[in-house]
Structures are given as C-alpha cells and as structure tokens.
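This report concerns only the one structure given below.
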Amino acid sequence: MTTYDDQASHGGAPARAYSSVGDDLTAVVERVRGSVESVIEGKPEVVRLSLTVLLAEGHLLIEDVPGVGKTMLAKALARSIDCSVRRIQFTPDLLPSDITGVSIWDQQRRDFEFKPGAIFAQVVIGDEINRASPKTQSALLESMEERQVTIDGQTYELPSPFMVVATQNPVEMEGTYPLPEAQRDRFMARVSIGYPSPDAELQMLDVHGGVNPLDDLQPVAHAHEILKLIEAVRGVHVADPVRRYAVDLVAATRTHPDLRLGASPRATLHLLRAAKASAALSGREYALPDDVQALAVAVLAHRLLPTAQAQLNRRTAEQVVQEILQRTPVPAAPQQQTGFGAYGQQSPRRL
Amino acid sequence: MSGRARLALCAWAATLMAACALLPLVDPATWILQAAFLLAVQSAVGAAARRVPLARPLTITAQALVTLVLLTLVFARQHALAGLIPGPQAFQRFADLLQQGGDDIARYAIPAPLESDGIRLMLVGGVLVIGLLVDTLAVTFRSAAPAGLPLLALYSVAAGLSEGGTDWLWFLIAAAGYLMLLLAEGRDRLSQWGRVFGGAPRAPGGEPDGVVAPVRTGRRIGAFALGVALVVPLALPAMDGGLLDSARTGVGSGTGGGGTISAVNPLVSLRDSLNVDENRQVLSVETDSDDISNLYLRIVSLDDFDGTTWKPSKRNITAVPDGTFPTPIGLGPETKRTQTRTTITAADWYAQDWLPMPYPPSGVRIAGNWRYEPVGMTLVGDHGQNTRGLTYEVRSLNVQPTADQLAAAPQPSAALKREYTELPDSLPDVVSRVARQVTAGAANPYEQAVELQEYFAINGGFEYDTQVKVGSGSQAIARFLEDKQGFCVHFSFAMAAMARSLGIPARVAVGFAPGSPQADGSVSVGLRDAHAWPEVYFEGVGWTRFEPTPTRGSTPSYTVTETPGSSVPDPALPSRNAETEPSAAPSASESCTAQDKKLDACAGESPAAVPVAGGNGPKWYAVLAWAAGGLAVLLIPLAPLLWRLRIRSVRLGAHGRTEADAGPHTLAVWQELTDTAWDFGIIPEESQTPRKAAARIVRLGQLDPTAAAAVHRVADAVEQVLYAPRPRLTAGLTEDVHRASAGLRATVSRGTRLRALLAPRSTVRVVWTLSARWAALRQRAAAARPTLRKASGQQG
C-alpha cells in the first residue's frame, strides 16, 4: 500500500516537523483525517487527496460507480469541519435558481427579496451532479471560480472557506449528462474511490452493520482553523524547477497526439496549488516534483479530451497523463529562463 | 528505372570496374570492350529472365547458357554446330585455347601480348564467370554484400599479377564499383519500405527527386571510406607499402627530362628463364674480342638491399651522352684495359627495358628512345622503349686488373663505402658470422672476396639447383647458407651481402653469362644464360666481377691468384681456424651482450665488421612513432576507464564547505551516484524525481540497508538544494557515494564489475555532450548565415 508518509517512502531521512505550519495545525489536519478515515475505511489516499483539495482551496469531484461511498466521503468531510454544509441533490428537473437562489417579490415591503440558494454554504455537497442538465450545471460556474453569485445585477459573496464536493457516476451510466468542459475545468481534482479491499469490506460490515457511522461523527475542526491551514499552504515555497516541471507537464498535454483538448493554464495553477497543499500535508515547507507527480493524474486527467482514435484504442486520459509523467524529464538544476520561450508559441488546439 | 534494373546495371559496372585491374596485364586493352559487351548481354538476359519471372535457378541457368553460347560464338565458331551450339569439338577447342593461354602466360612477361585467343579467352571468360556470380548474388538473390567476394577474387588475381605503380588507381576503381553496387542495393531495399525520406526538410526551391538524402549520404560515406583506405596505410608504420606507397616514391614512367625510370625487376623472371624447357635465343652477339669467357652482358646492377631482395636504386637519368661515356667510376689509369666492340641483336620477342651490355660500356650506338643512368652506367628505355628486335653496337672496356693491383687497392671513399655496404637491420647475424669465419685468414678486401668466392664455388659444398624455392625475406640468405642449395641469385645475393657485412662495397649484377659460340662466329645467348653475379668495388679498378656460382659462367682470371697462400687451402689455415674460432667466438659472445654485438662495441670481434653496424641503429623517429603507437594502443581501450576516473574525482573532489559551493557540489555528487549506478546497469531515468530515483537504485541494486541509507541521504540533500528555500547542508556526501558504490559492487557479478570498471556505460555522456555541442555549433552557424527563408506555413 502506497502512502504519502515521508518516513515510509523515504527511509532514513530525518523526520522534519512542521516548521511553518505549526504543531497545532498538524494536529488539526490529523484530527480531520482520522475523522474521515473512520468513515471511509481502507482508502487513506482518497482521504488525503480530499484534504489536499480542501487546503488548496479547490473543489473536489468524486467519480465512481454507485455504492462505493462517494456521498459518504463528501458528507464525512463536511461533517468533520464545523462549518455550514448544504447538500444539493442534482436531478434532471433541477433549475439554476435552485442552486444560486432567487429574488422573490415581497408584497409587504414592495420589493424583491433575495432567497439564497443551496450554494450559500461553506461546504456544498453536489450529489449526482451529472444528472442535472447542463443548463443547471452552468449555474455553478461563477460560484465555483469566483466564489460569488450574481443575481439580478446584485453580487453576493460566498462564505469562506468554500468548497464544492460533487459526486457523479461515470458518463457511461444511465441517465447522466456529461459535465461541460468549463465546469470540469473548475474542479481541482477528480478522485475515484474504487472498491474496498476484502479485508476493509469485511471490517465495514462489522462496523457499519448496525449503525450509520455518520451519525456519530462530530466536527473536529473549526472553519477558522481550516482558514489558517489554507494560509499556511499559500506560504509553501515552490522552487523554480518545480514550477517549470508543472508547466512542462501541462504543456505536454497540449501537444500530445492522443489528446483533442489539453489542460488549461488554470490546470497549471491548480496543479501547483495542490502540490503546495500536499507538501504541507507531508510536513514540508517546500514542494517537490514528487508532489506534482503524485497529483498530476488526479488534477489533469478529468480536463483532457482524448481523440476519437485514442478512444477507439481504449486509451484513457489517465493513461496519457501517466505516459507524459514517464516521458517528461524532471528539471534537475536551476536553469536560465530561456526555456519558457518555447511555450509561448503554442496555439490553442482546434477541436 | 526500377530498382532491379538499376541493381543489374550496377552489378555490370562493378564487374567491369574490377576487371579494369586486369588492364595492365595484357598489352592491347581491346578485350575489355569485348568483355563489356558480352557481360551486358549476359546481364540483359538475366534482367529479362527476372522480368518474366523465372525461378531463380532457371534464371541463372539461362544466363550461364547464354554466356556459353556467346563464348562459343566468339571463340569457337568453326567448331560449333551452326556456329552457335557448342558440341564436343567446341569444348575441345576451349580446352586447347586455355592450354595455349596457359602457355602464353608462362612464356610472356607482363604485359603479355594479346596475340592469340588463349589469353583473350581466359580474360573474357573469367570476367564473364565473375560477372555471372556477381549478378546472381547481387541481383537474383538480392544480397550485394557477398557479391564483393567474387569481385575481390577478380581484383586480387589482377593485383597479384601486376606490379605496376598505379595499383591504387585500379583499387579505387574496383572499390568504387563495389560501393556503387552496395549503394544501389541499399537504395532498392529502402524503397521497398516505402517512400525514401530525406533526412532534412526539402529546400524551398524543391530539389528534383533524383538524389535523395540517404543516397547522397551513402555516396559521401563511400568516398570517405575510399579515401581512408588509401591514406591510412601510409600513416601506419607497420604496414609497409600501402597502395600509394609506390606512387609516393615516384615510380612510373618518367615524364622525360630528369625523371626516374624503374622498370620491372629483371630478377623476377630470372628463375623462370633458367627453367625454360626450350633454350630460346635471346641475343645474338658478335664481338671482336677473342675471349668470350668475359663476355658477361649486364642488364642492370642491383645495389639496394632491403633485406628481402636486391633492387636497382632509383636514380636520375639523363640523355645518352654522345660519343664516349665517361670513365667508369673507380677505374684508375694504371689498370690495363682493352677496347672491345660488340654488336648485339635482340630477339624480336625479347622486351627488356634495360639494355644488355658488357660492363663497363664506353659508348653505345642505338636507335630508339633510350636514356642513360650514369652511376650504374646502364641504358633505360623510356616511353615504352625496349629491346625488342633491336640491333645495337656497344664499345666497352675489357678491364684486366692483376691480383696484386686488387690486393693493393686503397680504401674506397667514405661516401661510396657507406652507400654500398649498407645492410638492413633485419639481416640475420649468421651472415656476418659465416663471412668472418670464411675470411678469417684474409688480409685485405681482395683476399676476403676471393675467399668468399671460393667458399661458395669450391670449399663450401654448395650445390647448383634451379628448382629450389626462391625464399623471400631476410631469412632467405640464412636458409641458403644452411641448405647450401640454390642458383645464381642465391649465390650472388649471399656473397654480396657477406661482402657488405665485411665492409667491402658490393652489388649484384643481373644479365647474361657468356653464351655459346656459333658456327658463323657469333655468340648465341639463350634464355638459360640468364645469370646474376656479384660485383665488388676496388678503388683504382672499379666494379669487378666475381663468380661464386659453381658450374656457371667463368671465374675471372684475376681471382685465380698466383699466390697460392689464400686460394689453395693452407695447411696452417684449418688448424688456425680450429684454434681461433671455437675459442674466440663463444668467448666473444659470452663477454658481449647481444646489444653490444649489435652496436659492435666489442673490440674483440673482427675489426672488419665495424662498418656493418655503423649508423644502422633504428631511427629515433621510428622509435618515437612506435612508442607513441604502442602507447595509443594501450590507452585507447583504457580511455573510458581513465575518463570515468577523472570525472569521478572532479565531481567528488570539490568540497561543499561554503554556502555557495554546496549546491553544485551536491548536484555533482548526485550525478556521480546515478552514473555509478548506471555503470552497474541501472539506467537513469530522467523522469524520476530524486527520491524516486534513489528508491529505484536501492531496489534494482538490491542494496543493503547501509548503502540504501547512504543513497537516500544523497537524494535528500539534492532535494534540499534543488527545491528548498534555504537548503540544509549535509556533510559526508562523498563518503555516502563511496558507500553506495560499494553496496552496488557487492551485489553484482564479476563480469558486471569488470565492465563497470573498464567500459563504464556512463561514458556515453561524452558522446552526448559532443553531439550537443556540435548541434549547437551548427545551429549558431545556421543562424549566422543569412538565408532567404519562406515563412513556414502554420498548419492548423
């Protein structure tokens, strides 16, 4: 089992404490992680990825077949933090105003009164997000990127921290719409939970047999503690070679022959932010190419569109990202900046 | 043109080009046109058969049949059915022709006249057979490389037979033909893969499709390889005589004026002449001298001994002087001489570049294009002039020295002595040792020479035998002294070499011994009178003939001395020999090391031996070249090892003490670690992060925990340097690398260890670096060159 524990993968290296993040924050992270893992058993990497996205101020897309605990993960994450949680069940007849809110005519005050929608919460759980029509999903676009909602010319700020945790079934399933590219691009990472191992499943039967574990879940961290963690993540150092590596990886998706659509500059941004969060979670004050490599599939794959030929060959975007990872050299030395000139010439690919 | 047609054409051309090497062997070169035409027909038949298409064996059979019919048509038309179909008679005719050709080849020197059909059939038929082989291999079976073997056979036969100076030209032509064939085949094969790609993008103008880049590159490589094949043997000291060697020293027909002319060494045909069945008359001589026993006709003097054979030195030639020749070198006024007039008529088949004349000539009346070589006093034909059918008159001196004159001859001049006593270092010691033994009782050079002559002719127990093999190399003389069998060449070579080893100027003359008198008063000189004899120089007399060969020629009167002391075995001599030799020689060899003997520092040896070795030590530049060559041979295989050691010490040597120094040092140490792992077979992957690379090295190298921890420490330090805002310095990285490489070494096999030491894989970085620099250089050069380049159209 691969873990992100520094000690395990990096034997003999001296343990390093959180020097900038601080011991109390470490404790906060550990508490949240323990809390979520008590619900989702046997999937520490998924839990860690969700935490990474939370600390990197991103939104998480959980995609998997029904019944593996997508909603459970989202709810466990939301309940472990003491903050406002809203849940939106995306159905085919859901309207955009159901998400953003609506202005209603108040007879007494003779004025429009704004009724906030479900989006106005610190953690928003969008369940089965791809069962709503693309029209409805478009309502999420502004709020997810700009953290605000504009209705009738009036802009309303969303609370902070703000995170959308959406679950969806794979597109091949019945009754689903594919997410628009623009919306997929707004999710920082996509994670698949996958089936549990037989042992974990057996244990799940014992623990969950009688009682819903979510019922016992108590918040273990305050929202302001999470905000402090986010601040700490912003201060993580990213050396020039790591930045160049991220740019190299994203640039490679744009020229890869199997891809119809490469990753956007927002993807680069998300990749670096996630790498920072991952470094902070590992107790490091600087990001490594290892962080970037570990997150590249989760951050990049869902934004890519394979060509028809690649789809016929059963090539998935994940495979392409893995291949790019294996082919892109890790910048080994701080070099001069001339290398960036080459990336400026890329023209957006036509679909 | 289709690929196969081009290939067939190239095979045809390659065979012809290789056959060009046969051109200097026979005189009119018209046969090559015949061969070219017949070969073309044969190739065309092959091409047609492949076009049908016939099975491969059928194709070959068809070609062979057509070839046979063609040969019949050309050579045995009268004996064939309907002039085309070869019957038994025709084959009989072929056999006869081949027999005749073999006879002709045995009879004629090179270049042989193309008078009869025999040689022509051999040439044309041989070329056709080779052509059939080449065509079969290269075109029918589509593998051009093995087709080089028949071509090589053809070329080797020609090169082995011819001795001309333009070997390199024929080699160039033959090799170019073969390369052309290879190129055509490669092109054909490439085109079967699909379109032939040019390496570089097309020029804007768009060049015609004819010569595509691989072909061009192939041509360049071929031309380069040819150049290297010609030039490299010149530079290597060991390979004596590359193809250009003779060209370098300026052999070949002189261009008139003061050029040098060196014709075929007459020694080559000497033995064959002696062994001919029919003693054909070569020269008919009429002389006014009453004693024909001294009528040796000298062709040329061989004065250059290279350890293998005696050759005529290359000297400048001049116009034939009018009237009287200058007095021969060394002939003093006291020596008695008489003038002799000789008229010589050469047979019309005898083509010799040098003019056979009695020595020393004082005047020649001859027609034709002759030139005079003053030192050897010989006449050389220029521009193909030879003696065929000539009649000429020679006035010569009959020098009659007395034994006393010769015995009292003073020392020759130093320059002459140096030139004519030079011996190669490779000459076995036994030659000079025997020479000293034989001449132990002689008091002066004359007596020494006489003793030598009597040793060979009378005392030594030598036998005259023309069937022995002409040995080559410096050991031939030693073998001759041991076997005591040989003919005039051996006797004269051995005596001249021994005389030289005693410090007496000597050379070998080649020519004819006195012939047999005829009824009409003339003297007939036949092939079997061909002879070689030594000439020894005495100041005041000049070059004097000696006759060491038993039963041949006539012993000169001046060597049959009146003083019986030296010629008749002295009763005291054997005892003296018995006394001095066994005692002196071994003691000398014991007290002197071989080195001393070589340098002749031993005064106890015969003083006459001193000049032998004077100045004959190996040349300093030769020593230097050999030393450098040996060093290079040693160093080239060790170059990767040395380079790796150097790189390692550079990388690990820098101390990362200071803050600024630490970063590069850590990176260099990391590079060294990955390269060490590479040397042991773990190929570095550029897409690996430091900690992943470290884990990979630990996993693949099966490192023990200590070494694994060392590897991880280095990787950790690299991470710090590369990615941390304030790198934490780690000490002891160098030791960690040593620990890691020790761990790597511990787990691998002995062969891998050896390879990591002697041929480390990471040395390929040198090549990469060089090619990167080269690419950068080219890019810069291309950028500096102003080009009219069209804006590259963006494809979208």
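If you read the protein sequences in the order shown, they are chains G and W. Each residue of the first sequence is one higher than the last, beginning at 3 in the working numbering. Each residue of the second sequence is one higher than the last, beginning at 708 in the working numbering. C-beta: ideal position from N, C-alpha, C; glycine also. Quick caveat, the model's predicted, so the values are computed rather than measured.
For chain G, check one thing: does any of its Cβ atoms lie closer than 8 Å to the Cβ of residue i?
i, result
"Thr1396 of chain W", "yes"
"Leu697 of chain W", "Given that chain W is displayed from residue 708 to residue 1503, the structure contains no residue 697 of chain W and the question cannot be resolved."
"Glu1393 of chain W", "yes"
"Glu1442 of chain W", "no"
"Asp952 of chain W", "Residue confidence is low: Asp952 of chain W scores 47 on pLDDT, short of 50, so the model does not pin down where it sits. Its coordinate-derived value is still stated next. No, Asp952 of chain W does not count as interfacial toward chain G."
"Arg955 of chain W", "Bear in mind that a pLDDT of 42 at Arg955 of chain W, under 50, signals an unreliable position, so the model cannot answer this."
Let me check understanding here. Comparing Cα to Cα, which of the options lies closest to residue i?
i, options, result
"Trp1077 of chain W", "W:His1419, W:Arg1095, W:Pro1467", "W:Arg1095"
"Glu892 of chain W", "W:Gly1439, W:Arg1022, W:Leu844", "W:Leu844"
"Arg800 of chain W", "W:Ser1469, W:Ala789, W:Leu821, W:Leu778", "W:Leu778"
"Pro1081 of chain W", "W:Leu729, W:Leu1410, W:Ala1329, W:Arg1022", "W:Arg1022"
"Gln139 of chain G", "G:Arg186, G:Ala58, G:Ala296", "G:Arg186"
"Ala1220 of chain W", "W:Ser991, W:Ser1069, W:Ala802, W:Lys1043", "W:Ser991"
"Ala742 of chain W", "W:Val834, W:Glu1246, W:Val1248, W:Asn1001", "W:Val834"
"Ser1133 of chain W", "W:Ala789, W:His786, W:Gln1182", "W:Gln1182"
"Leu327 of chain G", "G:Pro161, G:Arg316, G:Gln295", "G:Gln295"
"Ser1123 of chain W", "W:Glu993, W:Ala1213, W:Arg1485, W:Leu780", "Checking the sequence shown, residue 1123 of chain W turns out to be Leu, not Ser. Of the candidates W:Glu993, W:Ala1213, W:Arg1485, W:Leu780, the one whose C-alpha sits nearest the C-alpha of Leu1123 of chain W is W:Ala1213."
"His1090 of chain W", "W:Thr1109, W:Ala771, W:Asp1060", "W:Asp1060"
"Leu181 of chain G", "G:Pro221, G:Asp154, G:Asn132, G:Thr255", "G:Asn132"
Indicate whether at least one CB of chain W lies closer than 8 Å to the CB of residue i.
i, result
"Gln91 of chain G", "no"
"Gln2 of chain G", "Summary: the structure shown does not reach residue 2 of chain G, with chain G confined to residues 3 through 353, and so no result is reported for it."
"Thr157 of chain G", "no"
"Arg329 of chain G", "yes"
"Gln139 of chain G", "no"
"Val23 of chain G", "For Val23 of chain G, the predicted structure reports a pLDDT of 47, less than 50, and the residue's modelled location is therefore unreliable. A value from the coordinates is still provided. So no, Val23 of chain G is outside the interface."
"Val235 of chain G", "no"
"Val126 of chain G", "no"
"Gln109 of chain G", "no"
"Gln295 of chain G", "yes"
"Val244 of chain G", "yes"
Strictly below 8 Å CB to CB, what residues from chain G border residue i?
i, result
"Pro1432 of chain W", "His239, Ala241, Glu287, Tyr288"
If you follow the alpha helix (DSSP H) that residue i is in, where does it begin and where does it stop?
i, result
"Trp738 of chain W", "738-758"
"Leu888 of chain W", "874-900"
"Phe1200 of chain W", "1195-1208"
"Gly1083 of chain W", "That residue, Gly1083 of chain W, is in no alpha helix (DSSP H); it is neither H nor E in DSSP."
"Gln311 of chain G", "310-314"
"Ser82 of chain G", "72-82"
"Ser145 of chain G", "141-148"
With residue i as the anchor, note down where its beta strand (DSSP E) starts and where it stops.
i, result
"Thr157 of chain G", "156-159"
"Trp107 of chain G", "103-108"
"Ala1237 of chain W", "1237-1245"
"Gln1046 of chain W", "1043-1053"
"Arg192 of chain G", "191-193"
"Asp129 of chain G", "125-129"
"Ser1066 of chain W", "It is Tyr, not Ser, that sits at residue 1066 of chain W in the sequence shown. Counting along the chain, Tyr1066 of chain W falls outside any beta strand (DSSP E), and DSSP gives it neither H nor E."
What does residue i touch in chain W if you count any residue whose Cβ is under 7 Å from its own?
i, result
"Pro291 of chain G", "Thr1396"
"Val332 of chain G", "Glu1393, Ser1394, Gln1395, Thr1396"
"Val104 of chain G", "Those within 7 Å of Val104 of chain G in chain W number zero; the least Cβ separation is about 44 Å."
"Val249 of chain G", "Result: empty, since nearest Cβ-Cβ is about 15 Å, beyond 7 Å."
By the criterion of Cβ-Cβ separation under 7 Å, what are the contact partners of residue i in chain G?
i, result
"Glu1426 of chain W", "Leu290"
Kindly list, in the order they appear in chain W, the residues whose Cβ is closer than 8 Å to that of residue i.
i, result
"Gln324 of chain G", "Near Gln324 of chain G there are no residues of chain W at all, since even the closest Cβ is about 11 Å away, more than 8 Å."
Taking three-plus beta-carbon pairs below 8 Å as touching, is the region 1254-1261 of chain W in contact with the region 1184-1201 of chain W? yes
With contact counted as at least three CB pairs below 8 Å, one residue from each stretch, are the region 986-1001 of chain W and the region 1030-1037 of chain W in contact? no
Could you tell me whether the region 1239-1254 of chain W touches the region 1106-1122 of chain W, where touching means 3 or more Cβ pairs closer than 8 Å? yes
Given 8 Å, three or more beta-carbon pairs between the region 264-272 of chain G and the region 1438-1454 of chain W: Here the region 264-272 of chain G makes no contact with the region 1438-1454 of chain W; the two share fewer than three CB pairs at distances below 8 Å.
How about the region 821-832 of chain W and the region 847-862 of chain W: do they share at least three Cβ pairs that are nearer than 8 Å? Segments in contact, no.
Assess contact between the region 201-208 of chain G and the region 219-234 of chain G, defined as three or more Cβ pairs (one per stretch) separated by less than 8 Å. Is contact present? no
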